[in-house]
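Chemist:
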Amino acid sequence: FSDYLQAEKDGNLNKKINGEHPRLCEVLLNDDIKVIEPLWKVIPSNKAILPVLWSMFPDHPHLLTSEWTVTDELKQAGYVKKPIVGRCGHNVTLYDAHGDSVLDETQGQFVNRNLIYQKLFQLPKYDGYYAIIGSWIIHGLFAGFGIREDKKLITDAESPVTACCITWK
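Note that our numbering has the sequence shown beginning at 1, numbered continuously upward.
1) Would you decide whether W54 is buried or exposed? Buried here means 16 or more other CB atoms lie within 10 Å of its CB.
2) Just reading off the beta strand (DSSP E) that L136 is part of, what are its end residues?
3) I think I132 touches L123, with their Cβ atoms under 8 angstroms apart; what is that distance to the nearest whole Å?
4) So, helix, strand or coil for A48, using DSSP?
5) Am I right that V92 and I154 are in contact with their C-beta atoms under 8 angstroms? What's the rounded C-beta distance?
6) Excluding the 5 residues preceding and the 5 following D59 in the sequence, name in chain order all residues of the same chain whose CB lies nearer than 6 angstroms to its CB.
7) Can you give the Cα-Cα distance for E105 and W68, rounded to whole angstroms?
8) Leaving out five residues before and five after G99 in sequence, what residues of the same chain have Cβ atoms less than 6 angstroms from its Cβ?
9) Between the C-alpha atoms of K47 and Q109, what's the straight-line distance to the nearest angstrom?
10) Buried or exposed for H90, please, with buried defined as at least 16 other CB atoms from any protein chain shown within 10 angstroms of its CB.
11) Beta carbon of K151, beta carbon of Y126: below 7 angstroms?
12) Quick check: what's the CA-CA separation for L103 versus L94?
13) Whole angstroms are fine: how far does the CA of I116 sit from the CA of A163?
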């Protein structure tokens with residue numbers, strides 16, 4: 001990433017390097033090269049990390065209450081049931097406050113998996129859409145963000161995504 005910024009700054013973003021090592025941007029932007037997510041991403045993408053983080057940092061303003069079981073606190077607030085290895089909104093169930101009724105539910109391939117229970121966060125609705133912002137930090141610096149939005153409460157792989165990147169000059 002930093003060598004892309006340096007190449008852009010130097011004005012030679014589209015020029016090949018005559019050395020023996022290509023720039024990172026030449027590798028990542030090459031149509032003949034397939035980039036596979038690294039194995040370490042299994043840890044942060046696995047929702048089992050959420051109850052662990054909550055136990056380490058209870059009441060942190062950037063975390064939602066996350067537990068291995070449905071607690072009275074979660075029932076009172078409303079909660080979400082998620083498979084720890086689920087992806088793209090599959091097999092997610094949203095329960096209202098007091099757990100009396102299901103607000104929304106999805107099906108998928110993660111039926112018989114371990115679960116976590118997380119406090120329900122009511123997303124704001126804009127022009128009929130619920131929006132979720134995902135952001136990326138690289139080496140402690142803001143690197144970009146994406147907005148996924150849908151008319152459904154549970155976003156999935158089909159939900160429209162707008163990827164954004166801010167550059168500073």
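Just so it is clear, CB atoms sit at the ideal spot from N, CA and C, and this is done for glycine as well.
Modeler: Taking the coordinates as given:
1) As a first step, residue 54 is located in the sequence shown; it is residue number 54 there, counting from the start. Its Cβ being crowded by 16 or more others within 10 Å, W54 is buried.
2) To locate residue 136, count along the sequence shown from 1; it is residue 136. In the sequence as displayed, the identity of residue 136 is Trp instead of Leu. Element bounds for W136: 129-138.
3) Taking the sequence shown and counting its residues from 1, one reaches residue 132 at position 132. Taking the sequence shown and counting its residues from 1, one reaches residue 123 at position 123. The Cβ separation is near 7 angstroms, so the contact holds.
4) Translated into positions along the sequence shown, residue 48 becomes position 48. It is coil, neither helix nor strand.
5) Stepping through the sequence shown from its first residue, residue 92 is reached at position 92. Stepping through the sequence shown from its first residue, residue 154 is reached at position 154. That pair is a contact at about 5 angstroms.
6) Translated into positions along the sequence shown, residue 59 becomes position 59. Here the set comprises nothing.
7) Residue mapping note: residue 105 aligns to position 105 of the sequence shown, counting from 1. Residue mapping note: residue 68 aligns to position 68 of the sequence shown, counting from 1. Their Cα atoms are separated by approximately 19 angstroms.
8) Taking the sequence shown and counting its residues from 1, the one referred to as residue 99 is at position 99. So the list reads K75, once near-sequence residues are dropped.
9) Working through the sequence shown from its first residue, we reach residue 47 at position 47. Working through the sequence shown from its first residue, we reach residue 109 at position 109. Their backbone Cα atoms lie some 16 angstroms apart in a straight line.
10) One-based indexing of the sequence shown puts residue 90 at position 90. With 16 or more Cβ atoms within 10 Å of its Cβ, H90 is classed as buried.
11) In the sequence shown, the residue the question calls residue 151 occupies position 151. In the sequence shown, the residue the question calls residue 126 occupies position 126. Result no, Cβ atoms of K151 and Y126 do not sit closer than 7 angstroms.
12) To locate residue 103, count along the sequence shown from 1; it is residue 103. To locate residue 94, count along the sequence shown from 1; it is residue 94. Roughly 5 angstroms separates the two Cα atoms.
13) By one-based count along the sequence shown, residue 163 stands at place 163. By one-based count along the sequence shown, residue 116 stands at place 116. Cα to Cα, A163 sits roughly 28 angstroms from I116.
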